[in-house]
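The structure under discussion appears below in the form of structure tokens.
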Amino acid sequence: MASATGTWTGRRGPRAIQTQTLRISFTSKRGAWLQWWTCAFLFWTARIQVGTAGIMVPNHPPLIIAEQAAMLESLYPGRIIIGLGSSVGFTKPVREALRQTVEAKQRFDSDLAQVRNFLLGDAPITLRPHAGPPLFVLAGFRSALSAAKLGLGVILGGPAETQVEAARVYRENFQGTSPVVISSLNIAVAEDEAYARRLLLPEAYAQVLSRSTGVFGALDPDPDLKGLTGQQRERLEQTLANTVYGTPAAVEAKLADIAEKLGVEEFLVTGDMPDREGRAHSEELLAGLDLFIR
1 MASATGTWTG RRGPRAIQTQ TLRISFTSKR GAWLQWWTCA FLFWTARIQV GTAGIMVPNH
61 PPLIIAEQAA MLESLYPGRI IIGLGSSVGF TKPVREALRQ TVEAKQRFDS DLAQVRNFLL
121 GDAPITLRPH AGPPLFVLAG FRSALSAAKL GLGVILGGPA ETQVEAARVY RENFQGTSPV
181 VISSLNIAVA EDEAYARRLL LPEAYAQVLS RSTGVFGALD PDPDLKGLTG QQRERLEQTL
241 ANTVYGTPAA VEAKLADIAE KLGVEEFLVT GDMPDREGRA HSEELLAGLD LFIR
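The sequence shown begins at 1 in UniProt numbering and counts up one residue at a time.
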């Protein structure tokens, strides 16, 4: 079972963020469902770009990934962004269900290169239709280097501080025409900073518990923090410290600072919030920041 949520924002990316936010939330059991939902959102809209952030490469044969990306690009040219990640199954039973061996993650670089080569037409098999959307690698430090060597774009995750070093390494080692960096962050905006923090708390709480239990449960809108151990509380605060939340003015200042340090013009807003009304309002406030209206 895999789930994905995301909102693309930025000056170079989709302009629709300037007036509205397209909220995408779906759960997918198979790649075909992922393609179906992506097609549905593209059909319902006219200009906004739609991205996968992302497809976990170890879960699928490179040819299947390339075929689906090429099909989407041929149907909606210029509107597809493909994000590719290296994560394997969260637990051993999931990895076994996916038939992943211990080498699955070790093959990421070669599998990534195969996806790129299929889309470029530089492979023993020629895709039909032959179309290649932009490819981005969901990356920390190591994967950023892989993206650089293959001349692909990169979507940096993790704390903003570590993204700075990964962006530097990516640009210094980039082999291609134009390096493109997108910063991925959990962001919540509200008129009250405490409320913005509460929007991000349920997912941070679930992440902390999953490190102890191996289970990522449904998000609790009002998590009980009293049952946390001292170590879990520390992890919770650290997780929230790696997010961006606050009033519109505070969030805009934080994002402007991160954008300058990373040299990015685009952010990928990730994560989920069980408070749907709060999330919708957060996205409206985010879309209205002067930082994104050019």
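Note that beta-carbon positions come from the ideal geometry of N, C-alpha and C, so glycine has one too.
Owing to the predicted nature of the structure, the values given are computational and were not obtained by experimental measurement.
Pick from the options that is closest to residue i, judged by C-alpha positions
i: residue 115; options: 167, 40, 66; result: 66
i: residue 232; options: 78, 206, 220; result: 206
i: residue 60; options: 288, 86, 40; result: 86
i: residue 158; options: 144, 184, 268; result: 184
i: residue 224; options: 216, 214, 213, 209; result: 209
i: residue 295; options: 63, 227, 140; result: Past the boundaries of the shown model lies residue 295; the chain is included only from 1 to 294, so the question cannot be answered.
i: residue 284; options: 39, 74, 190, 124; result: 190
i: residue 51; options: 82, 68, 74; result: 82
i: residue 135; options: 112, 188, 212, 145; result: 112
i: residue 279; options: 128, 110, 195; result: 195
i: residue 249; options: 129, 128, 288, 40; result: 288
Under 7 Å between C-beta atoms of residue i and residue j
i: residue 57; j: residue 108; result: yes
i: residue 131; j: residue 53; result: no
i: residue 105; j: residue 88; result: yes
i: residue 296; j: residue 268; result: Outside the displayed span of the chain (1 to 294) sits residue 296, for which this structure offers no information.
i: residue 73; j: residue 133; result: yes
i: residue 145; j: residue 173; result: yes
i: residue 282; j: residue 188; result: yes
i: residue 193; j: residue 243; result: no
i: residue 214; j: residue 91; result: yes
For residue i, the residue or residues it bridges with in DSSP
i: residue 183; result: 156, 267
i: residue 56; result: 85
i: residue 136; result: 83, 153
i: residue 246; result: 189
i: residue 102; result: Answer is none; residue 102 lacks a bridge partner.
i: residue 313; result: The first residue shown for the chain is 1 and the last is 294, placing residue 313 beyond what the model contains.
Other residues of its chain near residue i: CB distance less than 7 Å, five sequence neighbours each side excluded
i: residue 296; result: Any answer about residue 296 is impossible in this case: the structure gives the chain only from 1 up to 294.
i: residue 98; result: 59, 89
Same chain, Cβ closer than 8 Å to residue i, five either side skipped, listed in chain order
i: residue 240; result: 197, 200, 201, 204
i: residue 291; result: 252, 255, 256, 259
i: residue 14; result: Residue placement at residue 14 is flagged as unreliable, the pLDDT there being 37, under the threshold of 50; the coordinate-derived value follows with that caveat. Answer for residue 14: 8, 47, 48, 49, listed in chain order.
i: residue 220; result: 202, 205, 206, 274
i: residue 140; result: 156, 157, 158, 162, 166
i: residue 230; result: none
Residues of its chain near residue i, where Cβ-Cβ distance is below 6 Å and the 5 sequence neighbours each way are ignored
i: residue 171; result: 179
i: residue 271; result: 186, 203
i: residue 137; result: 84, 143, 147, 152, 154
i: residue 160; result: 258
i: residue 286; result: 189
i: residue 80; result: 72, 73, 133
i: residue 261; result: 164
Cβ of residue i within 7 Å of any chain B Cβ
i: residue 100; result: The structure shown contains no chain B; it holds only a single protein chain.
Only counting runs of 4 or more residues, tell me where the alpha helix (DSSP H) segments fall wholly within the region 209-258, in order along the chain. The region 209-258 contains these whole alpha helix (DSSP H) runs: 230-241.
Just list the alpha helix (DSSP H) runs in the region 106-133, keeping only unbroken ones of 4 residues or longer that don't cross its boundaries, in chain order. Entirely contained in the region 106-133, the alpha helix (DSSP H) runs reaching 4 residues are, in chain order, 108-120.
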